[in-house]
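Participant: In full-length UniProt numbering, the protein residues as written are 1 to 93. Where is the CB? At the ideal position from N, CA and C, for every residue including glycine. This is the structure I have questions about; it appears just below.
Here is the structure:
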């Protein structure tokens, strides 16, 4: 199995997400691509289970993952983007 196809487990704000390295690296230059690209540094923050920990809203992060997976922003009806999402998106470049 190629490294890009390996599962990656993330703890984002206490919520565990599983995806692939290829998904996280879909947009070169993004913070996620930098973190999980070929120059991945093992000095990132990890939770007690050893998963990479990202201190952001885990409920919102699932929408980031879905966008990376299908190149389309699909939000539930009634979803309102507030300052939390705007500020959080700057972390992902």
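Beta-carbon within less than 8 angstroms of residue 59's beta-carbon, same chain only, minus the 5 sequence neighbours each way: which residues are those?
Facilitator: Counting only Cβ-Cβ distances below 8 angstroms, and skipping sequence neighbours, we find 13, 15.
Participant: Between the C-alpha atoms of residue 71 and residue 35, what's the straight-line distance to the nearest angstrom?
Facilitator: 20 angstroms
Participant: Based on the DSSP output, what are the partners of residue 53 in its beta bridges?
Facilitator: 11
Participant: Please classify residue 74 as buried or exposed, where buried requires at least 16 neighbouring CB atoms within 10 angstroms.
Facilitator: exposed
Participant: Let me know if residue 68 comes out buried or exposed under the rule of 16 or more other beta-carbons within 10 Å of its beta-carbon.
Facilitator: buried
Participant: Alpha carbon to alpha carbon, how far is residue 50 from residue 64? Give it in angstroms, no decimals.
Facilitator: 22 angstroms
Participant: Would you call the CB atoms of residue 10 and residue 17 closer than 7 angstroms?
Facilitator: Closer than 7 angstroms, so yes.
Participant: The alpha helix (DSSP H) spanning residue 46 covers which residue range?
Facilitator: Unbroken run through residue 46: none, as it is neither H nor E.
Participant: On the CB-based measure, 16 or more other CB atoms within 10 Å of its CB, does residue 79 come out buried or exposed?
Facilitator: exposed
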